[in-house]
Each structure stands twice: as C-alpha cells, then as structure tokens.
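Numbering (the working numbering), first residue to last: 89 to 454. What follows is a single structure, written as structure tokens, with notes after it.
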C-alpha cells in the first residue's frame, strides 16, 4: 500500500451485524467508537461519503484506519486469509464489481466470531494496552497482573470507574492495617498498598480498550490515587502515635503532612500550566519526565540524584520499596523518616531547577 487516506477524512462506517460482546462492548459499538475518533459517522445526511464496511464477527483497531488507502474505487482489505474482507469504497462506488486488494498486517483487525477467537483477540489487545511511559516494573510485573483483572472486569461488564473505586477500597484496607501496631499488620498493609499500585493500572487499561477515556475518568483516577496516599499516610501516623511518637516525632509528622500536599499542588500547578488546562487533578507523571530530560541535558550530579529519587517516588517503585521495608521492621516511624528525606530532595529540585523543569514540560506538551 503506497499511500493512505488523508488524516481526518470523513467517512461512514457500516457494521453488517451487531456482533458478539467483546471486552465489554458489542463488536459493532467498539468499531463505531474507533471510527468516530477518526472522523467516522454512522449515518450520512448530506453528500455521500467514503464507506468502511466491516463484516460480522470482526473488530478493527485504530491501526487499520491509519492504513486505509485513498478513497478511490473499491478496496478489499484482507485481514485474514480465510475471512471475509473489510471493504473500503469511495463515495458512490457501491456495487462496482471490480476491486483492488491489499493485505493488512497482523493486529489491524481481529476475528471475534467464536469464544476461542475472542479470547485470543482479547489478550492480543490487552498486551498492547500499556503506556509508553510505563517503567520497567510496570512492564514486566504489574501489567502482567493487572491485565488479568482488566479482562475479568470487562467480561463482567464493569466500567473503568468501578475498577477505580475497587482500587480505592484496597487502599483504605491498607490504611486501616497501617493504623495498627504489630509487625504482621505492617507487612499486610504494605502488601495491600503494593496491590493497590498494581490495581491502579486496571481502570486505564479498561478505558483504553473500550475507547471510553474521559476527562472525568482521568480526574477520578488521579484524585483516588492521591486519596490512597493520604489515607495510607494517615494510617502510618495513627499507628506511629499508638506505638509512641513523642514531640520530635510530632514535629516530623507535621513537616511530612504539610510537605506532601504542598509539593503535590506545586507539581500539578506546573503540569496544568504546561498543558494549558484549568483541570484541577492532573497526573504528575510528566514531572518525572521533565526531571529526567533536564538531568540528561545539564548532566549535573544534583539533577541525576533527583531523578533517582523521582524513580523511587514512582508509584510502582514506591509501593514495592514500602513492602520491602515492612519485611525488616514494624516501626511506623521509619516511613515518615524516609519520606522526609525524599521530600527534601524534591523540594530542592523544584526550587533550584524550576526554569529547567518548566522548559522541559513545555517541550513535552508542545
């Protein structure tokens, strides 16, 4: 295929059959959602449009729309050697007997006509549902676990927001255990906190697979993430007070309790400015990328050290480190001490390299 349809070309999508349920949606509805994101419409009220005809029992992917040839004549898009082709035809060319053919690469469309085919297609799409910004731990461990639950939730017909609430429930249970005093409850609490970090990927995977990402969903996910941290911190402080905190401990707890929301607000403010949005809850992940970009460009030891700290504050790494520390001690005091050290480095990074971070964020969202 030497050329493709111009980006944003308006076209009509026709699904010959509603199709079976696949990852929480009818096959036809899934195909329409994908098409709408690229200028597709269900019905034509004016001049005829190029038409994409998807046969029964087939789901398309966004990659297929990137591969569409120019809408001239009739094209048979061969996605499976034994399957009925997907038809791409120019406006007013329906009924033509002659058609050009082209073979689509694997993954452009999937057969979902049988239970076995749906299972295979589901896992092919789930394996591709990660994010480019995922760290090593997410790619090699967390995603492998979260995808199992994403699959089960979607098959059960649950929404991404339901997964977000379930993740919050795990976080609350973890916080309750942190508020106890024994070593065993600390281990259990840290393990649940790690589980909440793994489960945090479920809602995003579900939203991407059902093409239901929304501004509200992003804010809910980000808000719940921060609440999980807040509940966990409150649980640690309560458990520490029950173990015996003392005046110096109270002072440290106050510093940590004030620093975390302050730095979080500061980070979200920088991201909001770079994204030019008024949305309050925004992901702070871009800050980490900005620190890495500034460290690569300036090559200063301070920024390199800060980049390492930001990796540890990455949720998947932080939760695992939290669990590993819990195996060594049941003292709740250890966690505020470690947090205070990390927060100090983050504060210095924001103060000393504000301009570099702002520039890196601007380039990221340009």
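Cβ coordinates follow ideal geometry from the N, Cα and C atoms, glycine included.
> Can you give the beta carbon distance from residue 382 to residue 441, rounded, assuming they're within the 8 Å contact cut?
Replying inline: One-based indexing of the chain shown puts residue 382 at position 294. One-based indexing of the chain shown puts residue 441 at position 353. That belief holds up - the Cβ atoms of residue 382 and residue 441 are roughly 6 Å apart, short of 8 Å.
>> Buried or exposed, going by whether 16 or more other CB atoms sit within 10 Å of the CB of residue 224?
In response: Start at 1 with the first residue of the chain shown, and residue 224 comes out as number 136. Exposed, since its Cβ has fewer than 16 Cβ neighbours within 10 Å.
> Cβ of residue 409 within 8 Å of Cβ of residue 415?
Replying inline: Taking the chain shown and counting its residues from 1, the one referred to as residue 409 is at position 321. Taking the chain shown and counting its residues from 1, the one referred to as residue 415 is at position 327. No. Outside cutoff.
> Of the choices 327, 124, 321, whose alpha-carbon is the least far from that of residue 428?
Replying inline: Residue 428 sits at position 340 when you count from the first residue of the chain shown. For the residues 327, 124, 321, the minimum Cα distance to residue 428 belongs to 321.
>> Buried or exposed for residue 313, going by 16 or more other Cβ atoms inside 10 Å?
In response: Position 225 of the chain shown holds residue 313. The residue in question, residue 313, is buried, as its Cβ has 16 or more Cβ neighbours within 10 Å.
> Hey, out of 282, 393, 275, 193, whose CA is closest to residue 404's CA?
Replying inline: Translated into positions along the chain shown, residue 404 becomes position 316. Per the Cα distances, 282.
> Quick one, which of 258, 215, 257, 259 has its alpha-carbon nearest residue 238's?
Replying inline: Counting from 1 along the chain shown, the entry for residue 238 is found at position 150. With distances taken between Cα atoms, residue 238 lies closest to 215.
> Using the rule of at least 16 other Cβ atoms within 10 Å of the residue's Cβ for burial, across every protein chain shown, is residue 162 buried or exposed?
Replying inline: Residue 162 sits at position 74 when you count from the first residue of the chain shown. By the 10 Å Cβ count, residue 162 comes out buried.
>> Going by DSSP in three states, residue 441 sits in which element: helix, strand or coil?
In response: One-based indexing of the chain shown puts residue 441 at position 353. Correct three-state label for residue 441: coil.
> So what's residue 118 in DSSP terms, helix, strand or just coil?
Replying inline: Counting from one through the chain shown, the residue named residue 118 turns up at place 30. Three-state result, residue 118: helix.
> Apart from the five residues on each side of it in sequence, which residues of its chain come closer than 7 Å, Cβ to Cβ, to residue 443?
Replying inline: Indexing the chain shown from 1 puts residue 443 at position 355. Nothing meets the Cβ criterion.
>> Quick check on residue 230: buried or exposed, where buried means 16 or more other Cβ atoms within 10 Å of its Cβ?
In response: Taking the chain shown and counting its residues from 1, the one referred to as residue 230 is at position 142. Residue 230 comes out buried.
> Going by other Cβ atoms of all chains shown within 10 Å of its Cβ, with 16 needed for buried, is residue 451 buried or exposed?
Replying inline: Locating residue 451 in the chain shown gives position 363, counting from the first residue. It is exposed - the Cβ of residue 451 has fewer than 16 other Cβ atoms within 10 Å.
> Apart from the five residues on each side of it in sequence, which residues of its chain come closer than 7 Å, Cβ to Cβ, to residue 376?
Replying inline: Along the chain shown, read from residue 1 onward, the residue named residue 376 stands at position 288. Closer than 7 Å at Cβ, skipping near neighbours: 398, 402.
>> Going by DSSP, what residue range makes up the beta strand (DSSP E) through residue 147?
In response: Position 59 of the chain shown holds residue 147. Counting along the chain, the beta strand (DSSP E) containing residue 147 begins and ends at 146-148.
> Ordered along the chain, which non-local residues of its own chain (more than five positions away) have a Cβ less than 8 Å from that of residue 345?
Replying inline: Along the chain shown, read from residue 1 onward, the residue named residue 345 stands at position 257. Closer than 8 Å at the Cβ level, and outside the excluded window around residue 345, lie 321, 325.
> In the structure shown, what three-state DSSP assignment does residue 453 receive?
Replying inline: Locating residue 453 in the chain shown gives position 365, counting from the first residue. Coil.
> So, is residue 368 buried or exposed, given that buried needs 16 or more other C-beta atoms within 10 angstroms?
Replying inline: As a working mapping, residue 368 is identified with position 280 in the chain shown. It is exposed - the Cβ of residue 368 has fewer than 16 other Cβ atoms within 10 Å.
> Do you know offhand how far residue 430's Cα is from residue 379's?
Replying inline: Here residue 430 is taken as the residue at index 342 of the chain shown, counted from 1. Here residue 379 is taken as the residue at index 291 of the chain shown, counted from 1. C-alpha separation (whole angstroms): 14 Å.
> Excluding the five sequence neighbours on either side, which residues of its own chain have a C-beta within less than 6 Å of the C-beta of residue 360, listed in chain order?
Replying inline: Residue numbering aside, residue 360 sits at position 272 when the chain shown is read from its first letter. 370, listed in sequence order.
> residue 301 lies in the beta strand (DSSP E); which residues open and close that run?
Replying inline: In the chain shown, residue 301 corresponds to position 213, counting from 1. Here residue 301 belongs to no beta strand (DSSP E), and DSSP marks it neither H nor E.
> Residue range of the alpha helix (DSSP H) that residue 167 falls in?
Replying inline: In the chain shown, the residue the question calls residue 167 occupies position 79. Unbroken run through residue 167: none, as it is neither H nor E.
>> What would DSSP say about residue 243, mapped onto helix, strand or coil?
In response: By 1-based counting over the chain shown, the position of residue 243 is 155. Note: residue 243 maps to helix in three-state DSSP.
> In chain order, which alpha helix (DSSP H) runs of at least 4 residues are fully inside the segment 178-243?
Replying inline: 203-215, 231-243
> Could you check where the beta strand (DSSP E) with residue 60 kicks off and where it finishes?
Replying inline: The requested residue 60 does not occur in the structure, where the chain is confined to residues 89 to 454.
> What is the residue span of the beta strand (DSSP E) that residue 102 lies within?
Replying inline: Position 14 of the chain shown, counting from 1, holds the residue named residue 102. Segment 99-103, the beta strand (DSSP E) holding residue 102.
> Between residue 210 and residue 348, what straight-line distance do the alpha-carbon atoms span, to the nearest angstrom?
Replying inline: For the purposes of this step, residue 210 is identified with residue 122 of the chain shown, where counting begins at 1. For the purposes of this step, residue 348 is identified with residue 260 of the chain shown, where counting begins at 1. Going from the Cα of residue 210 to the Cα of residue 348 covers about 39 Å.
>> Just to confirm, is the Cβ distance from residue 242 to residue 112 under 8 Å?
In response: Position 154 of the chain shown, counting from 1, holds the residue named residue 242. Position 24 of the chain shown, counting from 1, holds the residue named residue 112. Yes, they are a contact pair.
>> Extract the residue ranges of the alpha helix (DSSP H) inside the segment 383-410, only unbroken runs of 4 or more that lie entirely within it.
In response: 389-401
> On the premise that residue 217 lies in contact with residue 296, defined as a C-beta separation below 8 Å, what is that separation, rounded to the nearest angstrom?
Replying inline: The count along the chain shown starts at 1 and reaches residue 296 at position 208. The count along the chain shown starts at 1 and reaches residue 217 at position 129. Confirmed, about 5 Å.
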